[in-house]
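First up is the structure itself, then whatever we jot down about it.
Protein chains: 2
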Amino acid sequence: MTPTITAFERSPDRGRGLARDMRVRWALEEVGLPYKVRLVSFKAMKEPAHLALHPFGQIPTFEEGDLALFESGAIVFHIAERHAGLLPDEANARARAISWMFAALNTVEPPILERQTAVLLERDETWREQRLPMVEDRIRDRLGELSGRLGDADWLDGAFSAGDLMMVHVLLRLSGSGILDEYPNLSAYVARGEARPAYKRAFAAQLAVFTGKSPT
Amino acid sequence: MTPTITAFERSPDRGRGLARDMRVRWALEEVGLPYKVRLVSFKAMKEPAHLALHPFGQIPTFEEGDLALFESGAIVFHIAERHAGLLPDEANARARAISWMFAALNTVEPPILERQTAVLLERDETWREQRLPMVEDRIRDRLGELSGRLGDADWLDGAFSAGDLMMVHVLLRLSGSGILDEYPNLSAYVARGEARPAYKRAFAAQLAVFTGKSPT
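See the structure below:
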């Protein structure tokens with residue numbers, strides 16, 4: 001049964017692949033699972049039909065037969081659990097890959113989201129200029145630790161996993177900030193993620209929503 | 001094999017149960033699994049031995065034989081996957097419970113963490129008074145949606161699950177802010193969590209670290 005995911009009807013990042021549907025598209029491409037996309041407007045996202053699927057009125061959602069899921073982390077995990085390619089078979093390695101998924105979403109992403117809020121929602125506030133460097137230093141604390149752990153490795157723990165998929169996408173949200181460039185091994189890590197054929201297919205598909213042209 | 005978790009040697013919240021080891025203690029108590037605790041100082045948390053266990057130098061960690069895990073979400077999930085009591089057996093219900101775990105950690109907790117940062121780390125900044133209400137309104141957006149979904153139910157989706165455990169603990173981080181009181185069904189939901197015998201045992205155990213007295 002082909003699953004259906006939801007994505008923004010009007011891409012707020014102009015097709016730069018930063019919205020959370022990208023994580024799900026990428027996971028689906030990694031495991032080779034075809035999917036359909038239903039686009040939703042900002043208005044429709046907060047209406048009862050969508051809130052029944054996603055209690056917080058966001059994207060992405062995932063529908064497959066009787067099952068409806070929300071939260072990109074949960075959806076990627078659901079895909080990874082049922083299809084080969086995103087989680088190791090060995091039990092301990094699998095549990096560690098799941099640790100990295102949670103680390104991406106609950107340890108690395110929160111300060112990055114805080115920066116996004118500071119830049120977008122508090123853009124015109126008097127404190128913006130003074131506060132932003134403090135927020136960015138909190139991101140650097142996390143990136144320094146992450147960089148130390150990654151070292152010279154290609155991926156965080158052995159082969160590419162759903163943990164890397166999440167971490168790479170979370171780090172991509174720093175695009176344009178220049179912060180990632182301060183950590184050459186993390187920049188290379190993100191570039192390795194972006195170079196994966198599955199990432200490229202997913203990126204082209206979300207860009208096509210913005211340009212109105214189908215991906216080639 | 002009895003697992004060992006780590007917790008703060010000096011409880012920064014004075015034993016109020018807000019540190020993330022509480023989530024793991026609670027999960028272990030729910031499934032009836034005995035555990036050991038190793039206390040770590042703030043200094044030791046950033047030293048190589050602990051960083052080998054936790055790349056971001058935080059607590060909790062979880063060690064069981066050859067396996068070492070970090071991130072409270074991943075540890076609770078690991079426990080829930082291997083022991084009855086925290087995830088439904090039915091596949092779709094299980095996937096939805098996992099959605100709530102991720103929602104607690106990646107949708108509800110980030111604005112709550114932002115408030116914590118504003119109150120603790122930016123306490124003396126000139127913008128504190130003006131900015132805090134903005135941050136709190138972002139929390140209210142999430143709580144309003146969560147309250148709407150919970151309605152009159154006891155738990156978020158059927159029986160109590162790891163999703164409720166995470167959500168209740170994330171909401172507890174609003175203690176003392178008065179914000180939770182604005183949502184009577186969420187306050188009652190959190191109180192139901194705190195009333196669970198497993199929660200009480202876990203709370204007593206972490207409090208004992210602070211008071212220096214063993215839980216009775």
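Sequences listed follow chains A and B, in order.
Sequential numbering from 1 applies to the first sequence in full-length UniProt numbering.
Sequential numbering from 1 applies to the second sequence in full-length UniProt numbering.
Glycine included, C-beta positions come from ideal geometry on N, C-alpha and C.
Contact of S177 (chain A) with chain B by beta-carbon distance below 7 angstroms is absent, the smallest such distance being about 18 angstroms. Looking at the backbone, the Cα of H54 (chain A) and that of T211 (chain B) are separated by about 42 angstroms. A residue is called buried once 16 or more other Cβ atoms fall within 10 Å of its Cβ, and D21 (chain A) is buried on that count.
Taken in chain order, the unbroken stretches of alpha helix (DSSP H) that lie wholly in the stretch 93-134 of chain B and span 4 residues or more are 109-120. Between the stretch 183-192 of chain B and the stretch 11-18 of chain B there are fewer than three inter-stretch CB-CB distances shorter than 8 angstroms, so the stretches are not counted as touching. Under the criterion of beta carbons closer than 8 angstroms, L156 (chain A) and D164 (chain A) qualify as touching, at roughly 6 angstroms.
The continuous alpha helix (DSSP H) containing K43 (chain B) extends over residues F42 to M45. For F42 (chain A), the nearest beta carbon of chain B is not closer than 9 angstroms to its own beta carbon. For the pair F160 (chain B) and E71 (chain A), the Cα-to-Cα distance works out to about 19 angstroms. In this structure, W26 (chain A) places its C-beta atom within 9 angstroms of the C-beta atom of A198 (chain A).
Of the other Cβ atoms in all chains shown, fewer than 16 fall within 10 Å of the Cβ of F42 (chain A); this residue is therefore exposed.
Of all alpha-carbon atoms in A:R173, A:P133 and A:A19, the one lying nearest the alpha-carbon of Q58 (chain A) is that of A:A19.
Per DSSP, the continuous alpha helix (DSSP H) segment holding I75 (chain A) begins and ends at S72 to R82. Bounds of the alpha helix (DSSP H) holding F210 (chain B) are P197 to T211. Around V24 (chain B), the same chain offers I5, P60, F62, S72, I75 and V76 as residues with beta carbons nearer than 7 angstroms, after the five sequence neighbours per side are excluded. Non-local C-beta neighbours of A80 (chain B) in its own chain, meaning closer than 6 angstroms and more than five positions away in sequence, comprise L86, L87 and A162, ordered along the chain. In this structure G176 (chain B) is exposed. Its beta-carbon is surrounded by fewer than 16 other beta-carbon atoms within 10 angstroms. Taking 9 angstroms as the threshold, the shortest C-beta distance from L113 (chain A) to chain B falls below it. Note on L120 (chain A): under 16 other CB atoms within 10 angstroms of its CB, so exposed under the neighbour-count rule.
Against chain B, a Cβ distance below 7 angstroms from D66 (chain A) picks out N92. Against G57 (chain A), the close residues of chain B are E145, in the order they occur along the chain (beta-carbon pairs closer than 7 angstroms).
DSSP lists no bridge partner for A49 (chain B). In this structure, E109 (chain A) keeps its C-beta atom at 9 angstroms or more from the C-beta atom of P111 (chain B). Counting the other Cβ atoms within 10 Å of the Cβ of P3 (chain B) gives 16 or more, which makes it buried. Counting of Cβ neighbours within 10 angstroms places R96 (chain A) among the buried residues, the total reaching 16 or more. Distances from the CA of R115 (chain A) to each of A:R201, A:A103 and A:R128 were compared; the closest alpha carbon is that of A:R128. Pairing L67 (chain B) with A202 (chain B) gives a Cβ-Cβ distance that is not under 9 angstroms.
By the Cβ neighbour-count rule, R123 (chain B) is exposed, with fewer than 16 other Cβ atoms within 10 Å of its own.
Scanning B:M45, B:E90, B:E64 and B:L105 for the CA closest to the CA of Y35 (chain B) turns up B:E64. By a beta-carbon distance limit of 8 angstroms, R149 (chain B) does not contact T107 (chain B). Their separation comes to about 12 angstroms. At a Cβ-Cβ threshold of 9 angstroms, Q206 (chain A) and A52 (chain A) do not count as neighbours. By the neighbour-count criterion, in which a residue is buried when 16 or more other Cβ atoms sit within 10 angstroms of its Cβ, R82 (chain B) is exposed.
R38 (chain A) carries a strand assignment under DSSP once its states are collapsed to helix, strand and coil. Comparing C-alpha distances from E125 (chain B) to each of A:T117, A:A118 and A:M134 shows the shortest one belongs to A:M134.
Rounded to whole angstroms, the gap between the alpha carbons of E136 (chain A) and M1 (chain B) is 42 angstroms.
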